[in-house]
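Colleague:
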Amino acid sequence: MKKFVLHQEHTEPLTMVGCGILRKEVDYLIRTHGWNVQTHFLDSALHNYLNRLSKELNEALQEHEAKGEKTFVFYGSCHPLMDNYLDEHRTCRTRGQNCIVMLLGYERFMQELEKGAYFLVEDWALTWQPMITACFGNNITVVREIFHSSHKFMLALKTPCSVDFSEAAQTAADFVDLPLQWLDVDLEHLKQVLFEAIKQRLDQATT
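Residue numbers (my numbering): 6 to 212.
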């Protein structure tokens with residue numbers, strides 16, 4: 006594990022544009038470690054709407070670049086053209102396929118996925134039914150068939166930044182008719198992922 010210290014010469018500010026799914030955890034880590042990073046979070050449901058994700062991510066990056074800010078991206082491979090966008094904006098993103106991999110690490114993610122887990126974080130739990138019906142429609146039978154085809158249970162992830170969202174999580178699990186399990190997660194892997202992205206961006210030539 007790398008030591009979480011940036012060299013003294015690397016003190017220029019960065020702007021992180023990314024998914025709001027782990028907003029509280031990211032803000033906590035930035036504040037705790039004194040990283041010179043401001044944040045611009047986008048709607049955590051955008052991965053369900055690729056056109057909106059493309060539009061809003063590129064517009065946000067353009068907005069901050071126009072102000073002369075150096076950016077990096079907090080997203081996984083959430084859009085098939087993500088690497089193209091990074092190249093166009095001459096920036097980088099956090100390492101990992103998705104936000105859950107960034108939080109858990111790839112090995113733990115795959116262990117739970119192979120058991121049939123659907124990962125639920127606080128932000129999604131609190132907006133679950135409108136988010137799911139907007140994406141899959143209002144036919145509860147169809148929605149449940151979609152979830153049952155790939156998942157055996159819902160795994161709610163509780164971090165040190167989470168409030169008690171047990172009621173919302175149970176409601177979400179009941180809505181798709183999956184049993185609910187819980188997993189306590191620390192922020193060590195997410196911290197490493199953010200640190201690496203910050204360092205990578207600072208080490209890149211100034212744009």
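Just so it is clear, CB atoms sit at the ideal spot from N, CA and C, and this is done for glycine as well.
Taking Cβ positions, are Phe-114 and Leu-160 nearer each other than 7 Å?
Modeller: Contact: no.
Colleague: Going by DSSP, what residue range makes up the alpha helix (DSSP H) through His-38?
Modeller: 28–38
Colleague: Going along the chain, which residues of its own chain have a beta-carbon closer than 7 Å to the beta-carbon of His-67, five neighbours each way excluded?
Modeller: First, the amino acid is wrong: residue 67 is Gln here, not His. Within the same chain, Gln-67 has no close Cβ partners at all.
Colleague: What is the DSSP secondary structure of Leu-183, reduced to helix, strand or coil?
Modeller: coil
Colleague: Specify the secondary structure class of Tyr-90 as computed by DSSP and reduced to three states.
Modeller: Helix, per DSSP.
Colleague: Can you list, in chain order, the residues of its chain with a C-beta nearer than 8 Å to that of Ser-59? Leave out the 5 residues immediately preceding and following it.
Modeller: His-84, Leu-86, Tyr-90
Colleague: Would Leu-47 pass as a contact of Leu-199 if the rule is Cβ separation under 7 Å?
Modeller: Cβ atoms of Leu-47 and Leu-199: not closer than 7 Å.
Colleague: Could you check what DSSP says for Gly-121 in three-state terms: helix, strand or coil?
Modeller: coil
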